[in-house]
Amino acid sequence: MPHFDIDEAMRYAGDKYSADAAIDLSGMDQAEAIGILDEVFADPPEYFRSLIIRFEPAGPDTGETLFLPVGRYLLEKKKAGEISRLENLLEIGAGFYIEF
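FYI, the numbering for the sequence shown is 1 to 100, going by UniProt numbering.
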């Protein structure tokens, strides 16, 4: 069986843990977080093609997190063709990785 280099595999599959830019929505309520995302999508910068969106992970005392509202927002953007790749980042905390 031939050896398949992990770095080569990541080049083809894409590394969702590093992006051209990142925004942190931690500490924001739903309306404020969606407002920030509206600004990003209203005039997407030309200097990056990928973005990591972070927020607080769920915990025993956190209540509702931004996962569902932000996820729904991003899913609508994907359906509209504004996002080519959308993945969650649950394994490293909370957030999403997107490619335009």
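Backbone N, C-alpha and C fix where the C-beta goes; we use that ideal spot for every residue, glycine too. If you're wondering where the values come from, they're calculated on a predicted model, not measured in any experiment.
Beta bridge pairing from DSSP links TYR97 with ILE52, GLU87. Partner residues in a beta bridge of ILE34, as assigned by DSSP, do not exist. Between LEU89 and PHE96, the gap from beta carbon to beta carbon is short of 9 Å. Take ALA94, set aside five residues on each side of it, and the residues of its chain with a beta-carbon closer than 8 Å to its own are ARG54, PHE55, GLU56, PRO57, ALA58, THR65, LEU66, PHE67, in chain order. Secondary structure of ALA22 (DSSP, three-state): strand. Cβ-Cβ distances below 7 Å link LYS77 to PHE41, ILE83 in the same chain, with the five nearest sequence neighbours on each side left out; the list follows chain order. Taking every protein chain shown into account, the CB of ILE92 has fewer than 16 other CB atoms within 10 angstroms, so this residue is exposed. Rounded to the nearest whole angstrom, the CA to CA distance from GLU39 to LEU51 is 14 Å.
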